[in-house]
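**Student:** Numbering (the working numbering), first residue to last: 2 to 169.
Just so you know, even glycine gets a beta-carbon here, dropped at the ideal spot from N, CA and C.
Quick caveat, the model's predicted, so the values are computed rather than measured.
Below is one structure. I have some questions about it.
Here you go:
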């Protein structure tokens, strides 16, 4: 999995050691932090995460995603992202196979661009999985009801592919 989430208005830190005053004095940096609004700029009709709408049985799956992100992203960023999601700060959300793209309005003037990239399962693995699932109506019923039993994880792993991406 790869992640990217720099606000477009923020310059990227140079790869070499910064020279004296490259980012302004400590006092200027502190003043900029103090002048930045503490609350994000409000978004109308943003995509909102409603905790009450998470289907039953996804708690384990949600925890797995949070563990995955925790390996890649600092905890306070995850907390801030969850808060932005609850408040509806997501301006746009695009889901395509292997990618999730979003524009999120934070405290900066311009929105953040966030992209998550995941490896896809091969057609061979999908076909094998479908063949096995076709014989297990109870498992299919659970998946269709919004739950993803851990048996599916184990099944996919027997094909040599993890169902969840692994942190780098």
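Using three-state DSSP, classify residue 109 as helix, strand or coil.
**Tutor:** Looking up residue 109 in the chain shown gives position 108. It is coil, neither helix nor strand.
**Student:** Would the beta-carbon of residue 81 fall within 8 Å of that of residue 47?
**Tutor:** As a first step, residue 81 is located in the chain shown; it is residue number 80 there, counting from the start. As a first step, residue 47 is located in the chain shown; it is residue number 46 there, counting from the start. No, the pair does not count as a contact, with Cβ atoms beyond the cut-off.
**Student:** Flag this pair as yes or no: are the beta carbons of residue 102 and residue 92 separated by less than 8 Å?
**Tutor:** As a working mapping, residue 102 is identified with position 101 in the chain shown. As a working mapping, residue 92 is identified with position 91 in the chain shown. Their beta carbons are not under 8 Å apart, which means residue 102 does not touch residue 92 by this criterion.
**Student:** Using C-beta distances below 6 Å, list every residue in its chain close to residue 43, excluding the 5 sequence neighbours before and after it, in chain order.
**Tutor:** Sequence index remark: in the chain shown, residue 43 carries index 42 (1-based). Here the set comprises nothing.
**Student:** Please report the distance separating the alpha-carbon of residue 22 from that of residue 88.
**Tutor:** In the chain shown, counting from the first residue as 1, residue 22 sits at position 21. In the chain shown, counting from the first residue as 1, residue 88 sits at position 87. With a pLDDT of only 45 at residue 22, under 50, the local geometry of the prediction cannot be trusted, and the value read off the model is given with reservation. Cα to Cα, residue 22 sits roughly 37 Å from residue 88.
**Student:** Figure out for me which residue from 129, 139 and 162 has the closest Cα to the Cα of residue 150.
**Tutor:** The residue given as residue 150 occupies position 149 in the chain shown. Comparing Cα positions, the closest option is 139.
**Student:** What three-state label does DSSP hand residue 159 in the structure shown?
**Tutor:** Here residue 159 refers to the residue found at position 158 of the chain shown. If DSSP states are grouped into helix, strand and coil, residue 159 belongs with the helices.
**Student:** Buried or exposed: where does residue 1 fall if 16 or more other Cβ atoms within 10 Å of its Cβ makes it buried?
**Tutor:** Lying outside 2 to 169, the shown extent of the chain, residue 1 is not represented and no answer is given.
**Student:** How long is the line joining the alpha carbons of residue 79 and residue 41, rounded to whole angstroms?
**Tutor:** Taking the first residue of the chain shown as 1, we reach residue 79 at position 78. Taking the first residue of the chain shown as 1, we reach residue 41 at position 40. Going from the Cα of residue 79 to the Cα of residue 41 covers about 15 Å.
**Student:** Name the DSSP beta bridge partners of residue 77, please?
**Tutor:** Your numbering for residue 77 matches position 76 in the chain shown. None, per the DSSP bridge assignment.
**Student:** Please report the distance separating the alpha-carbon of residue 162 from that of residue 99.
**Tutor:** On the chain shown, residue 162 is found 161 positions in, with the first residue counted as 1. On the chain shown, residue 99 is found 98 positions in, with the first residue counted as 1. Each residue's Cα considered, the two are about 15 Å apart.
**Student:** Hey, out of 135, 85 and 72, whose CA is closest to residue 113's CA?
**Tutor:** Here residue 113 refers to the residue found at position 112 of the chain shown. Nearest of 135, 85 and 72 to residue 113, Cα basis: 85.
**Student:** Considering only the alpha carbon of each residue, which of 129, 107, 127 and 116 lies closest to residue 94?
**Tutor:** Counted from its first residue, the chain shown places residue 94 at position 93. Residue 94 has its Cα closest to that of 116, out of 129, 107, 127 and 116.
**Student:** Among 49, 50, 45 and 73, which residue has its Cα nearest to the Cα of residue 166?
**Tutor:** If you number the chain shown from 1, residue 166 lands on position 165. Selected option, being the one with the closest Cα: 73.
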